[in-house]
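>
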Amino acid sequence: MEKKMRFGIKSKIIIGYLIVIVCLFIAFIVLNSQISSLQKERNFIIDHDIEVHDLTNRIEKHLLDMETGQRGYIITGEASYLEPYNSAASSWEKDYNALYQLLNNNPNQQEKLEKIKGSIQDWIEAAGEPTIALKKENNTKELQQFFEKDPGRQYMDDIRSQFTSFRNVEKKSTETRATELDEKNQKIKIGLYGLLLFVTLISLAIAIVLSNSIVNTIKEVTQTIKRITASKGELKGRIKVRSNDEIKDLGIATNALLENIEERNWLQTNIAHAVTMYQGIASVDKLAEKFLFTVSEMTGASFGAFYVREENDKGDLFVKQAAFADRKGDAGRESFLIGQGLIGQAALEKRTLVINDVPDTYQLIASGLGDVKPKSIFIVPVLFEDEVIAVIELASLHEFTVLEQELISQVIETFGLTINGVIRRMEIARLLKESQAMTEELQAQSEELQTQSEELQMQSEELRMINEQLEERTKDAEEKSFELEAAKEDLEEKAHQLELNSQYKSEFLANMSHELRTPLNSILILSEMLEENAAKTLSEDEEEYARIIHSSGKDLLALINDILDLSKVESGKLDVLLAEMNMSELPDQIERNFSHVAEQKEVKLKINKAQDVPDIIHTDEKRFQQIVKNLLSNAFKFTESGSVTVSIQQVADHRLTTAMRTVDTDCWLEIAVADTGIGIPKEKHQLIFEAFQQADGATVRKYGGTGLGLSICSEFAKLLGGWISLSSEVGKGSTFTLYLPSLSNGLVDYEKVNFAYEEVAVSVEEAVEEAVEEAVEEAVEEAKPEAEITEVDHPVQPVEPSLQDDENVFQDKRVLIVDDDQRNIFALKTALAKQGMTIMTAHNGIECLEMMKNSEPFDLILMDIMMPQMDGYEAMQKIRGELKLVDLPIIALTAKAMKNDREKCLEAGASDYISKPLDLNQLFSVMRVWLVN
2 MEKKMRFGIK
12 SKIIIGYLIV
22 IVCLFIAFIV
32 LNSQISSLQK
42 ERNFIIDHDI
52 EVHDLTNRIE
62 KHLLDMETGQ
72 RGYIITGEAS
82 YLEPYNSAAS
92 SWEKDYNALY
102 QLLNNNPNQQ
112 EKLEKIKGSI
122 QDWIEAAGEP
132 TIALKKENNT
142 KELQQFFEKD
152 PGRQYMDDIR
162 SQFTSFRNVE
172 KKSTETRATE
182 LDEKNQKIKI
192 GLYGLLLFVT
202 LISLAIAIVL
212 SNSIVNTIKE
222 VTQTIKRITA
232 SKGELKGRIK
242 VRSNDEIKDL
252 GIATNALLEN
262 IEERNWLQTN
272 IAHAVTMYQG
282 IASVDKLAEK
292 FLFTVSEMTG
302 ASFGAFYVRE
312 ENDKGDLFVK
322 QAAFADRKGD
332 AGRESFLIGQ
342 GLIGQAALEK
352 RTLVINDVPD
362 TYQLIASGLG
372 DVKPKSIFIV
382 PVLFEDEVIA
392 VIELASLHEF
402 TVLEQELISQ
412 VIETFGLTIN
422 GVIRRMEIAR
432 LLKESQAMTE
442 ELQAQSEELQ
452 TQSEELQMQS
462 EELRMINEQL
472 EERTKDAEEK
482 SFELEAAKED
492 LEEKAHQLEL
502 NSQYKSEFLA
512 NMSHELRTPL
522 NSILILSEML
532 EENAAKTLSE
542 DEEEYARIIH
552 SSGKDLLALI
562 NDILDLSKVE
572 SGKLDVLLAE
582 MNMSELPDQI
592 ERNFSHVAEQ
602 KEVKLKINKA
612 QDVPDIIHTD
622 EKRFQQIVKN
632 LLSNAFKFTE
642 SGSVTVSIQQ
652 VADHRLTTAM
662 RTVDTDCWLE
672 IAVADTGIGI
682 PKEKHQLIFE
692 AFQQADGATV
702 RKYGGTGLGL
712 SICSEFAKLL
722 GGWISLSSEV
732 GKGSTFTLYL
742 PSLSNGLVDY
752 EKVNFAYEEV
762 AVSVEEAVEE
772 AVEEAVEEAV
782 EEAKPEAEIT
792 EVDHPVQPVE
802 PSLQDDENVF
812 QDKRVLIVDD
822 DQRNIFALKT
832 ALAKQGMTIM
842 TAHNGIECLE
852 MMKNSEPFDL
862 ILMDIMMPQM
872 DGYEAMQKIR
882 GELKLVDLPI
892 IALTAKAMKN
902 DREKCLEAGA
912 SDYISKPLDL
922 NQLFSVMRVW
932 LVN
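Residue numbering for the sequence shown follows the numbering used here, starting at 2 and increasing by one per position.
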């Protein structure tokens, strides 16, 4: 019989959907074809008609330019009026040819165009060119006679009339095409409704057919389930389904469920029966016989043996306690050890064994007619508290089913507890007999124990006294523990106070920096403008006063920056950004920054870079450059004559100490700055690295300074994983040496670095002192008058900024200054106005936004950050977000100068960032970049 084809509910639904989708697809193709045709006609109307009108207007404009240019030239005689005339005369024919080609399918309109072309050419020949020629000849009389008749006017009127007629025809043609397009659109709409109705009817028909097919089959299954339910526990009935779909799968699954429930009922009934038969049994052998008989009856087993564990000198031995169908008492061996044979292996592994391929040598099952070989063997260990206390082996003439195996397994789960209970009861009975025999002996020993009890009581009293002493000591220890806990809480409170003090200090320095930088900004800008004396209104003394004010302001700014840097280092809030640094550029950078200083002080600058110095090292370049610049600035400050020498080399391998080798680094660099200056006494070597400390008061009075530079350099060197050593002698000069590791792994192990510094400090100091003495003697010799050669081969000349370029860029630019400090506004407005810029001002972010909404666009904004009502961050965000001015240059100006200020400004929408006080050259440079871009 052929297998009935499966046609599932999913297939039925999918076929129904496919039919609907095919109908929709066909409707879509038809509709798309109509819409494409409609779109082509619409595009033709838009492209063709608009192009015709555009070209017509351009030809008329060319003609108007020619007429205007002709009359302007005749009236004024200026040749510039001929430019539109000549341009239009060379362009109108090009547009005419394009229009003529566009109307190649409309001969009537082309004919009108030809008449218009003839009229234009007639006007040019009769009125345009002759009058221009007469004006060039300066023939006023003939010009006057010509314009008394003015034949050109009639030409122009004819041309305009012809263009009007041409446009009217084109307009009617456009209206006709639009009407036809509307009619086609209406037909498409009616067709769309028809297709929608057709697809709807098809979908309804398919849905009805599919739902009837599914619902009818489900009803049949439901009726069958109800009949089984009404049979009051009789599970023999089964569901029959004729359809070959998921409903049939449901019926098969339900039938399987009924069979499973029927098997479970059988299983639970037999388990309950097996458990009840254990009651009242007091010996292991009776229990074993009863169990084998019951299990064999339930499973149809024909042969069985029951073994219980006993302990002896050889270990655990399993002894046979009962057997089933034992013909001569030879059903299985009498005993076995763990691991001996299959039954011993089952006891060892604590797992059940089922063997269906029974060997020919296995024990035969006896019957009245003869012996029969079993087909299946079932060996199961009995566990109690995860220990095997018995093993049961069954043999059957048929294979044990899964259900029979599950029955035995579940019965065995609690059978171990029963066996153990019987064994324990037997053991209790035996112990009871022994206890009765021992009672008399115990009574004899009680008197002896009484005597010993009195002795123990005396010892107990002594122990009580000792215990009291221990309790007193425990109380003392607890009191000390409470004191330690109180001290710990006090220390934690002090640590918290220190943390708060550090936070207040940082906030104070940040706010104080802002308050100092804001007026300092005005002082520097105005003093620089006075120093330049662009209007030449100040005397030389007044210029000097302004120069001193500007210099003092810069010194104050440097002091503020040093204090902030030192504060960041002390509070641990200074980030170290390790990255690649190009060492090959360092000599040129030193020359650019300090060659002019050397020339002014007439001190030689020598830079020696060893060949073994790698081109690339890994460190924080910004902090490295700050250390080198501070060391060189100090060297030039305290050197009146002689030289300043910078030596850059790699620390040789034989000079590396054991501790330096433990640091994970590519190499160690040694940068030494030696001078022939005043020198430092040995007892002051450590003092000068402390904040606000110098060698003595005379140094401060003569050379100035705050004593922060070397302190900051020392802290920066430690942050970079290195240190600075000093070797100096009064009157001969000093050498500051920076030892720095190249950290390609991006980590600084400060513990190893500190150990390396302590180990190397003494030896390095001795070696450096010898090197300094040699370098100083050599520098003094080279500094004699007869030596005119300097080590700087290519001094870099300072490049003066081009004021003319600034004026060209800044001229007539509209700049908005947003600042709440009137002093800053006055200073900036004055400086920028001199560059030819138009300046507008606002005092906070709200005024800035209102001004930008209600005035002409600005070319650039100078935005202060700390302002009332609305600060600079919020104002920049609203300019970029609400006003959509993403390309407008905004330069942020802030006097706070704390960590991450630049990143916060750029994230808020600033194009660039300058900290106060402002350097006008820097400000003009940044403004020039953004205005040019």
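Glycine included, every Cβ here is placed at the ideal spot set by N, Cα and C. Treat the numbers as computed from the prediction; the structure is a model and nothing was measured.
Could you check where the alpha helix (DSSP H) with Val-629 kicks off and where it finishes?
Position 628 of the sequence shown, counted from the start, is the residue given in the question as residue 629. First-last of the alpha helix (DSSP H) with Val-629: 622–638.
> Are the Cβ atoms of Leu-25 and Val-210 separated by less than 8 Å?
Working through the sequence shown from its first residue, we reach residue 25 at position 24. Working through the sequence shown from its first residue, we reach residue 210 at position 209. No, they are not a contact pair.
> At the level of alpha carbons, what is the spacing between Ala-487 and Glu-494?
Residue 487 sits at position 486 when you count from the first residue of the sequence shown. Residue 494 sits at position 493 when you count from the first residue of the sequence shown. Approximately 10 Å between the Cα atoms of the pair.
> Could you round the C-beta distance between Asp-317 and Ile-339 to whole angstroms and report it? I think they count as a contact, below 8 Å.
Against the sequence shown, residue 317 aligns to sequence position 316. Against the sequence shown, residue 339 aligns to sequence position 338. Correct: roughly 6 Å between the Cβ atoms.
> In terms of residue numbering, what span does the beta strand (DSSP E) encompassing Arg-310 cover?
If you number the sequence shown from 1, residue 310 lands on position 309. Note, Arg-310: beta strand (DSSP E), 304–313.
> Whole angstroms is fine: what's the gap from Glu-84's alpha carbon to Lys-172's?
Translated into positions along the sequence shown, residue 84 becomes position 83. Translated into positions along the sequence shown, residue 172 becomes position 171. Glu-84 and Lys-172: Cα-Cα distance of roughly 34 Å.
> Under DSSP, the beta strand (DSSP E) around Val-389 begins and ends at which residues?
One-based indexing of the sequence shown puts residue 389 at position 388. Taken as a continuous stretch (DSSP letters only), the beta strand (DSSP E) holding Val-389 covers 388–397.
> Would Tyr-874 be called buried (16 or more neighbouring beta carbons within 10 Å of its own) or exposed?
Here the question's residue 874 lines up with position 873 in the sequence shown. Burial call: buried.
> What does the Cβ neighbour count give for Asn-139, buried or exposed, with the cut at 16 atoms within 10 Å?
Numbered from its first residue, the sequence shown carries residue 139 at position 138. Its Cβ having fewer than 16 others within 10 Å, Asn-139 is exposed.
> Taking a contact to mean a Cβ-Cβ separation below 8 Å, would you say Ile-117 touches Phe-147 in this structure?
For the purposes of this step, residue 117 is taken as residue 116 along the sequence shown, with counting starting at 1. For the purposes of this step, residue 147 is taken as residue 146 along the sequence shown, with counting starting at 1. No, the pair does not count as a contact, with Cβ atoms beyond the cut-off.
> Is the beta carbon of Tyr-86 less than 8 Å from the beta carbon of Gln-110?
Counting from 1 along the sequence shown, the entry for residue 86 is found at position 85. Counting from 1 along the sequence shown, the entry for residue 110 is found at position 109. No. Outside cutoff.
> Distance check for Ser-596 and Trp-724, CA to CA, integer angstroms please.
As a first step, residue 724 must be located in the sequence shown, where it is residue number 723. As a first step, residue 596 must be located in the sequence shown, where it is residue number 595. Rounded to the nearest angstrom, the two C-alpha atoms are 27 Å apart.
> For Gly-195, count neighbouring C-beta atoms within 10 Å of its own C-beta (all shown protein chains included) and say buried if the count is 16 or more, exposed if not.
Residue 195 sits at position 194 when you count from the first residue of the sequence shown. So Gly-195 ends up on the exposed side.
> For Gly-554, name the three-state secondary structure that DSSP assigns.
Position 553 of the sequence shown, counted from the start, is the residue given in the question as residue 554. Looking at Gly-554 - three-state DSSP - the assignment turns out to be helix.
> Here's the rule I'm using: 16 or more other beta-carbon atoms within 10 Å means buried, otherwise exposed. How should Ala-909 be labelled?
To locate residue 909, count along the sequence shown from 1; it is residue 908. Ala-909 comes out buried.
> As a quick exercise: from Leu-343, Ile-356, Ala-80, Glu-394, pick the residue whose alpha carbon is nearest that of Ser-297.
Along the sequence shown, read from residue 1 onward, the residue named residue 297 stands at position 296. Nearest option by C-alpha distance: Glu-394.
> Using 10 angstroms around the beta-carbon of Ala-887, count the other beta-carbons present and answer buried if the total reaches 16, otherwise exposed.
If you number the sequence shown from 1, residue 887 lands on position 886. According to the sequence as given, residue 887 is Val; it is not Ala. By the neighbour-count rule (16 or more Cβ atoms within 10 Å), Val-887 is not buried but exposed.
> Let me make sure I understand the geometry here. Which of Ser-735, Ile-608, Phe-690 has the alpha-carbon closest to that of Glu-716?
In the sequence shown, residue 716 corresponds to position 715, counting from 1. Of the listed residues, the one whose Cα sits closest to Glu-716 is Phe-690.
> Helix, strand or coil for Gln-878? Go by DSSP, reduced to three states.
Locating residue 878 in the sequence shown gives position 877, where the first residue counts as 1. Reduced to three states, the DSSP call for Gln-878 is helix.
> Express the C-alpha separation of Ala-396 and Lys-351 in angstroms, rounding to a whole number.
Residue mapping note: residue 351 aligns to position 350 of the sequence shown, counting from 1. Residue mapping note: residue 396 aligns to position 395 of the sequence shown, counting from 1. Looking at the two C-alpha atoms, the distance is approximately 19 Å.
> I need the DSSP call for Asp-589, collapsed to helix, strand or coil.
For the purposes of this step, residue 589 is taken as residue 588 along the sequence shown, with counting starting at 1. Note: Asp-589 maps to helix in three-state DSSP.
> Going by CA-CA distance only, name the one from Phe-167, Asp-358, Val-412 that's closest to Val-276.
Within the sequence shown, residue 276 is the residue found at index 275, counting from 1. Of the candidates Phe-167, Asp-358, Val-412, the one whose C-alpha sits nearest the C-alpha of Val-276 is Val-412.
> Quick one: what does DSSP say Ser-745 is sitting in, helix, strand or coil?
The count along the sequence shown starts at 1 and reaches residue 745 at position 744. Three-state DSSP puts Ser-745 in coil, outside helix and strand.
> So, helix, strand or coil for Met-868, using DSSP?
Locating residue 868 in the sequence shown gives position 867, counting from the first residue. It is coil, neither helix nor strand.
> Could you check whether Ile-380 and Leu-343 sit closer than 8 Å to each other, using their CB atoms as the reference points?
Counting from 1 along the sequence shown, the entry for residue 343 is found at position 342. Counting from 1 along the sequence shown, the entry for residue 380 is found at position 379. Yes, the pair counts as a contact, with Cβ atoms nearer than the cut-off.
> Which first and last residues belong to the beta strand (DSSP E) in which Tyr-914 is found?
Here residue 914 refers to the residue found at position 913 when the sequence shown is read from its first residue. Run containing Tyr-914: 913–916, per the beta strand (DSSP E) assignment.
> Which term fits Tyr-156, buried or exposed, when burial requires 16 or more other beta carbons within 10 angstroms of its beta carbon?
The residue given as residue 156 occupies position 155 in the sequence shown. It counts as buried.
> Let's test the definition: count the other Cβ atoms within 10 Å of the Cβ of Asn-271 and tell me whether it reaches 16, buried, or not, exposed.
Here residue 271 corresponds to residue number 270 of the sequence shown, with the count starting at 1. Its Cβ being crowded by 16 or more others within 10 Å, Asn-271 is buried.
> Can you tell which of Leu-193, Asn-522, Ile-75 has the C-alpha that lies nearest to the C-alpha of Ile-30?
Taking the sequence shown and counting its residues from 1, one reaches residue 30 at position 29. The shortest C-alpha separation from Ile-30 is found at Leu-193.
> Go ahead and label Glu-767 buried or exposed: buried means 16 or more other beta carbons lie within 10 angstroms of its beta carbon, across all protein chains shown.
The sequence position of residue 767 within the sequence shown is 766, counting from 1. Low confidence applies here, because Glu-767 scores a pLDDT of 48, under 50, leaving its location unreliable and the question unanswered by this model.
> Indicate whether Ala-636 and Gly-678 have their beta-carbon atoms separated by less than 8 Å.
Taking the sequence shown and counting its residues from 1, one reaches residue 636 at position 635. Taking the sequence shown and counting its residues from 1, one reaches residue 678 at position 677. In this structure, Gly-678 lies closer than 8 Å to Ala-636 by Cβ.
> Use the C-beta contact count for Ala-289: other C-beta atoms within 10 angstroms, 16 or more gives buried, fewer gives exposed.
Position 288 of the sequence shown, counted from the start, is the residue given in the question as residue 289. Per the 10 Å Cβ criterion, buried.
> Taking the beta carbon of Pro-615 as the centre, do at least 16 other beta carbons fall within 10 Å, making it buried, or is it exposed?
Reading the sequence shown from its first residue, position 614 is the one you call residue 615. The residue in question, Pro-615, is exposed, as its Cβ has fewer than 16 Cβ neighbours within 10 Å.
> Among residues of its own chain, excluding the 5 on either side of Glu-400, which ones have a beta-carbon nearer than 7 Å to its beta-carbon?
By 1-based counting over the sequence shown, the position of residue 400 is 399. Hits under 7 Å: Asn-357, Lys-376, Ser-377.
> Give the DSSP-derived three-state secondary structure of Arg-168 in the structure shown.
The residue labelled residue 168 in the question sits at position 167 within the sequence shown. The answer is helix: DSSP assigns Arg-168 an H, G or I state.
> Quick check: what's the CA-CA separation for Asp-902 versus Ile-866?
Stepping through the sequence shown from its first residue, residue 902 is reached at position 901. Stepping through the sequence shown from its first residue, residue 866 is reached at position 865. When rounded, the distance between both Cα atoms is 10 Å.
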